[in-house]
Every structure is written in C-alpha cells, then in structure tokens.
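Following: one structure in structure tokens, then a few remarks.
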C-alpha cells in the first residue's frame, strides 16, 4: 500500500525542518516510487514529505540534502572498510570500479569494464568453481570473500577478496551486483608462511643438543624439543625434574625432587619463578647430580609477558667441561705440591692424596723400582680411613713384584698407564694378581718416568668398578713425568749437597780457613782459625788496617787477576802480628757467579805457612 502524500495548508515553510529519524531514507524512496510520484516531485508539485518517525513534514530540499549526506557517509564507510568498490550490470559485467585493482592492469582500470569476473585472467582461475558461482548469481545470492590471484605490473603476486550483493530498481527489477574489494596479499602470505615458520622453529629447537622446554605462567611445559623428551623418558636420575614433558608442571616436578638434588631443585624453582614473574631476565644455575655423576648448566630466559609462554628452560650437559677443569686443577695442584716440597716422602703422600680425593679412589701406593735387585717394593701409600682398605695396605707392606711380571710389569715395559675395570673379567690379569697388586675391584696404574726410564709405578684402587677414563689416564701420565722429574731433581740435589759436604770437609782438612768476597772484593765471610790473619771482614785485603805486608808489584798483579775474574792459587802475603813479628799465609780463590751468569764475588781457602816460612828464613840465615 502506497504511503499517503501529505496535505499541506502552507505551500512553503520557511523554517528548517527537524532532522530525519531512522528509516527516513527508505520512506523517501517509497514516496517517490512510481512515475506519478516522480513526476510530481520533478514538476514541483510536492513541496514536502512526511517523516514517519516524527510525523512532521520536511521540506523536499532538506530531505534531498539528507539523502545525499547519507550516501556520502555510506561511501566513506565503504572506503574505510575496504580497498575498493565496484558495480556490475544485470549481465554481471563491470560498469564501475574504484580502488584496488581487479586484475593485472592497475593503470587501466577501464580494462575490466564490460567484462565478467570469469573473463579476467586470474592466475587461480582453474581453482575456482565458476559454475557454482554463476548459479549463486542467478539465484541473486550474496557472495563473500571470493579470492582471486594475479601478478601485478611489477611481477609481484597479488591476492584480492571480492564480496557482493544484488541490487534492484524501484520496480524491484534486478539491476546487477555491487560489492567491495579487499587486498589480502599480506595476510595470505603471512598465513602461508606461518606453518613454514613453525616448522623451521621446531626443526631448530629439535636440532639443539641441550634439553629445552617452554613454560607458561604456572610452570606447565607448553612445548619441548626432542632432547628434552629423551631426557624426560630416560628416568635414570639424570637431573632435576626428570620425567616431565609437555602438559606437565615442571615446577611441581622440581618440588618433588628428594635426596642429594633437593637443595639444587629448591634453588631452581626459586629462580624459575623469578624469571616467570619478570623479576629477572636471566637465571643460570650450575649443579651436580649424584645419581648419574654428571654436571648440568641450567639457563632460564624470560619471555614477553604478553605471550602465553613466559620462560625458556634449557639444560646443557657440561660434564666434559667440568671434567676437563677438574683434571687441569689436579695437574696444577700436583705442580704446586712438587714446587714447594723438599722431601720425596712428603711430596709422594701429598700427590697421592690429591689424586685419590679429587678422583674418588680409595687408596694409592707407590712402588719404587730397585734396578740392582730388579724388584718393585712398596715405598709410600695413602688411603681413605676405611678398615678394609687400611687392612689391605698393611698386608701390602713388604710385598715385592718383578718388573716384568703382572700389571706393574706391563706398565713398566710399555711405559703407558693401564686401566683395570674388573679383575675377574680382565684377561690381562688373574684375580690373584689383581688382589695382590690392587687389592680391590677396580684400579689404574701409571709409570713414574725420569730421563725416559721407569723408576717406579703408582697404583690406585677402588672398592667399586670404574669404567675406563682415558682423560684421567692422560693426566696421570703427565703427573708421572712430573714426579719423575721431581725425584731426579731431588736425587741430583742430594748428590750435590753430599758433594758439597765432602768438599767442605776436605777443604777444612787441607786449609786453615775458608773465605768469601762480594763483587767489590770485600771479605764477607771468614771461617776457621783466623786468630793471626788480621781483621778483614768488610775490608779489602789491601786495606791498611789489615796490616798486610806486600810489595806494590804483587798488589798490582793480584788486583789485575781479580778484575779479569781469574782463579788464583797460593797467593803469598805477610801480616804484621801484635808481637811485631811477621806471619805468612797462602790464599787461593775462584770467581763465583749466580744462576744468570752474573759475577757476585770470590770464594776460597787460606793456609797459615808462618812456621814453614820462619824455618826457611832461619835456614837461609844459617847458610
């Protein structure tokens, strides 16, 4: 039923009409529907229309202005919500297009005019179900987000989305389709790249040797790499929180850790919570797990709080690194012991203790080789204070071994360390030999070498079976060489000391005193019978206070010899005694140099020849 045209008593109103209410545009269209109404409006027969909401008459110019405003607003909203809009006629041919290009000729927008969608050269045309789309058009159905692909003028892939709905004229006749265009290239490429990015991230995560997992705010594991899953599945006491993976709460698992690892687990939980809460960006913790005798470095890294993931936890097995550090420290300790030691027995015990305590062995024994008797005999030992081990060491005392027999014989012949896992299974030694030579289940033996000759062996034993440790064997081989050098040096020093003692004794027997001078030839030491030699300490021999009687030519000769650092022997001089008589003496000397070769003075001996010289003088006078 057509709306009734209003009857106005006043042809023209001068006052502005109130704003139109909702639905005003629709009622205007209904008023002008049909030729009669259109003609009436165009001919000026209609001056105003009725606002169905307010019931008031609105002047026609105001109504037309409101309609234009609404159309402009609608177009603006369309432009904001999309990248373009278009219009097709009743044959589905484009008659209007604005905004983003539809097709591969964006500089010639008119190229799509007069064409249907299926006539355009889209690169994905073969993937589109055109028959179904055409049936939708025939049914005048609304279509949304149809995707089309093409290469733009720069050769870049573009992906657009079209949505449209049919429109009709005033007589309800189908006039075509209108719709919008959106450029979804970036979105589609991002969506396409996301799975590949996820796959790359997963491959990267699984490629890490460290055990890595990602925690949410409550400590639940969101994801983990293959190394972590294997770590969790092992269940062999390898670390804190063993046995939990995706979906499990790692903080809860750590809190349930007992035994030797409990203290470390408590520290880990506290550190992880701090990272999750954003109190710290990074937490690192190094710990040793006694269950598997392995070292781990735990690293917890904070993630953006806007993400579900809050922390990355990684565990890296640093056992090899710590083992290397431990062995280097052992070598350093042994070097320090040998540098500071002046006694072979003390040095041996200290070295055996350092090896035994740091490497957890129960006892160590040093067997010295007696080349003359061709036997090894126990020289020194060290052990933990365990009754069984102490009893074994007591039985070992007095035991001897042939250098070409048993395990020690093998080490002596090869010059290489030897590891014995278990005497009952080792074909190189019988159980009797193992009991005799190690006394316990596991052992390693290494040579002590001096000047390329084996001078002894060190044997360490344990009450538990140990797997071979090649790095330890290489370390103790070096320690054996250090010990050999130390023993050789000690032996040389002992020989030198004994030689010095013998020399000093012979000197004392063949002279009356010994003396030393500094680099300026002042006497710094005089020892022996010097009652009549004059006061010379701190003085030159030629000082007047020394009361030396000597011809000037003799002084010149002596000073020349001293300046040239020559040795001199039986230099004769006389000293005036208190009784007014002359005493006669011989001195002999050698230059002395320090370890750098610098001259530091002279040393020598003195002999009192007074009686002999007086006898010679008397004899000469008689003649």
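Numbering (my numbering), first residue to last: 299 to 921. From the three backbone atoms N, C-alpha and C, an ideal C-beta is built for every residue, glycine too. Since the structure is predicted, the reported quantities are computational estimates derived from the model, not experimental observations.
The distance from the Cβ of residue 681 to that of residue 661 is about 4 Å, consistent with a contact at the 8 Å cut-off. A distance below 8 Å between beta-carbons, with the five flanking residues on each side excluded, links residue 719 to the following residues of its chain, in chain order: 740, 763, 764, 765 and 766.
The continuous beta strand (DSSP E) containing residue 396 extends over residues 392-397.
In the three-state DSSP reduction, residue 838 falls in the coil class, being neither helix nor strand.
A direct Cα-to-Cα measurement between residue 498 and residue 504 gives close to 10 Å.
For residue 856, the enclosing alpha helix (DSSP H) has its first and last residue at 850-861.
Per DSSP, the continuous alpha helix (DSSP H) segment holding residue 553 begins and ends at 548-553. Just measuring C-alpha positions, the residue of 886, 879 and 502 sitting nearest residue 909 is 879. In the structure shown, residue 424 falls within a helical segment according to DSSP collapsed to helix, strand and coil. Comparing alpha-carbon positions, the option among 453, 655, 583 and 611 lying closest to residue 683 turns out to be 655.
Counting every other CB atom within 10 Å of its CB across the protein chains shown gives residue 430 a total below 16, marking it as exposed. Short of 8 Å from the beta carbon of residue 709, and not among the five residues preceding or following it, lie these beta carbons of its own chain, in chain order: 715, 716, 743, 744, 745, 752 and 755. Taking a C-beta distance under 8 Å as the contact criterion, residue 900 and residue 889 qualify as a contact pair. In its chain, beyond the 5 residues on either side, 836, 837 and 838 have a beta carbon closer than 7 Å to the beta carbon of residue 820. Looking only at 790, 472, 392 and 530, the smallest Cα-Cα distance to residue 416 is reached by 392.
When secondary structure is reduced to three states using DSSP, residue 522 falls in the strand class.
For the set 657, 597, 777 and 664, the Cα lying nearest the Cα of residue 634 is the one of 777. Inclusion of residue 574 and residue 552 in the CB contact set at 8 Å is not warranted, their separation being larger than that value. In this structure, the CA atom of residue 450 is about 11 Å from the CA atom of residue 421. Under the three-state reduction of DSSP output, residue 711 falls in the helix class.
In this structure, 675 is the residue among 380, 693, 695 and 675 with its C-alpha nearest to the C-alpha of residue 701.
Residue state for residue 610 is assigned as strand, using DSSP reduced to three classes. According to the DSSP assignment, residue 508 belongs to no beta strand (DSSP E), since it is labelled neither H nor E.
Linking residue 367 to residue 577 through their CA atoms gives a straight-line distance of about 56 Å. If you check the CB distance, residue 517 and residue 564 do not come in under 8 Å. Taking each of 894, 480, 547 and 594 in turn and checking the Cα distance to residue 614, the smallest one comes out for 594. Taken through DSSP and simplified to helix, strand or coil, residue 655 comes out as helix.
In this structure, the beta-carbon distance from residue 813 to residue 902 falls below 8 Å. Taking the Cα of residue 817 as reference, the smallest distance to any Cα among 447, 891 and 572 is reached at 891. Nearest C-alpha to residue 389 among 896, 438, 686 and 599: 438.
Rounded to the nearest whole angstrom, the CA to CA distance from residue 398 to residue 520 is 42 Å. In the DSSP assignment, residue 760 falls within the unbroken beta strand (DSSP E) covering 751-760. Judged by DSSP in its simplified three-state form, residue 416 adopts helix.
In this structure residue 608 is buried. Its beta-carbon is surrounded by 16 or more other beta-carbon atoms within 10 angstroms. When secondary structure is reduced to three states using DSSP, residue 559 falls in the helix class.
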